[in-house]
């Protein structure tokens, strides 16, 4: 079995193929936190597709069909696997871009991989060996989020599990570290530390400003710091940035306090591309 990881990961097909490389042009993973409906998915996807085409930035569209780790039992979890896969298939047919979603159990991986291009391992589950192996064995790209409880150098063991299961196409994603109660901090040293492992590194700028459980029965967030952290991460030289976005985040069913307004995405991405160009000049 392979124990090597690819430093350049290609996702998707044809003109919509997206390349993630720590030394190449910045790429984007973006979309709403939760898949709310077909109409909503198509609205956000169409806006992002047009924007990324104008800016010349590769897009992987993301959304979650099931938010399995909500703070409250009564919180909305999403549209479900079967309907979610139908919508992802329709999005790919309409827009051509690759898509990403979370998997929470080993049993979900093969079914989700029939439609989705990137399987994402949630931060809370990044050490679950059976889940990592199942995701890796689908042959799809795996985006694994560094647990809030892990040191960046400990991600080498996560990467080894995926590579040893026969999958060299792995993205490592930084999304903050627990700092006391209900808050996270982003240690930018983690980006070059993980990049030294050989895999492309992605920075999740929206979950990095989350305040887990900060509103009692839901998570809070500090949207005003997304740009600051994203600029710092991109300036360090990374493969991609992960941004959750919504036209009305304050009324979104999940992670609203840390999602970027869809109308603010053009200005933010223009700034990030400028930082990326300097970092890689």
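In our numbering, the protein residues as written are 1 to 281.
The C-beta atom is built at its ideal place from N, Cα and C for all residues, glycine as well.
Predicted, not measured: the structure shown is a model, and the values here were computed from it.
Same chain only: Cβ atoms within 8 Å of residue i, ignoring 5 sequence neighbours per side
i	result
residue 279	234, 235, 236, 237
residue 85	65, 111, 112, 114, 115, 116
residue 131	103, 104, 105, 106, 109, 121, 125
residue 22	7, 195, 200, 201, 237, 238, 239
residue 171	9, 20, 118, 141, 142, 143, 144, 199, 200, 201, 202, 239, 240
Residue from the options with nearest C-alpha to residue i
i	options	result
residue 17	113, 192, 141, 150	141
residue 205	193, 197, 187, 196	187
residue 101	34, 247, 59, 38	34
residue 223	179, 133, 260, 83	260
residue 252	37, 89, 46	37
residue 282	13, 25, 31, 8	Outside the modelled stretch of the chain, which goes from 1 to 281, sits residue 282, for which no answer is possible.
residue 176	133, 158, 134, 221	221
residue 108	135, 210, 166, 247	135
residue 24	263, 200, 85	200
residue 91	157, 104, 137, 44	44
residue 98	106, 104, 88	88
residue 254	207, 267, 269	207
residue 257	245, 268, 267	245
Coarse secondary structure for residue i, derived from DSSP in three states
i	result
residue 102	strand
residue 276	helix
residue 19	strand
residue 7	coil
residue 31	strand
residue 82	helix
residue 91	helix
residue 59	strand
residue 264	helix
residue 49	helix
C-alpha gap between residue i and residue j, whole angstroms
i	j	result
residue 51	residue 148	31 Å
residue 53	residue 62	17 Å
residue 119	residue 229	25 Å
residue 4	residue 125	22 Å
residue 265	residue 110	33 Å
residue 72	residue 210	Residue confidence for residue 72 is low, a pLDDT of 49 falling below 50, so the modelled location carries little weight; the figure read from the coordinates is stated next. Cα to Cα, the separation comes out at about 16 Å.
residue 155	residue 163	12 Å
residue 14	residue 96	9 Å
residue 227	residue 262	14 Å
residue 285	residue 49	The question about residue 285 has no answer here: the residues shown for the chain are numbered 1 through 281.
residue 273	residue 94	26 Å
residue 151	residue 269	29 Å
residue 232	residue 267	16 Å
residue 157	residue 129	10 Å
residue 10	residue 180	37 Å
residue 58	residue 19	7 Å
residue 159	residue 139	15 Å
residue 284	residue 39	There is simply no residue 284 to check, as the chain begins at 1 and stops at 281 in what is shown.
residue 12	residue 189	30 Å
residue 56	residue 271	13 Å
residue 191	residue 83	36 Å
residue 161	residue 247	38 Å
Other residues of its chain near residue i: CB distance less than 7 Å, five sequence neighbours each side excluded
i	result
residue 153	193
residue 29	60, 62, 100, 202, 240, 242
residue 178	148, 149, 184
residue 47	262
residue 123	145, 146, 147, 148, 175
residue 41	35, 63, 87, 91
Beta-carbon proximity list for residue i, same chain, < 6 Å, skipping 5 on both sides
i	result
residue 198	5, 7
residue 276	26, 234
residue 133	165
residue 81	65
residue 127	none
residue 225	209
residue 168	2, 4, 5, 6
residue 137	165
Within-8 Å CB hit, residue i to chain B
i	result
residue 188	Although the question refers to chain B, the structure presented lacks it and comprises just one protein chain.
Worksheet item: Residue ranges of each alpha helix (DSSP H) run of no fewer than 4 residues wholly in the region 192-255, ordered along the chain?
Response: 226-236
Worksheet entry | Length at least 3, wholly inside the region 108-157: the beta strand (DSSP E) runs in chain order | The region 108-157 contains these whole beta strand (DSSP E) runs: 118-121, 141-145.
Worksheet item: In chain order, which beta strand (DSSP E) runs of at least 3 residues are fully inside the region 155-191?
Response: 170-174
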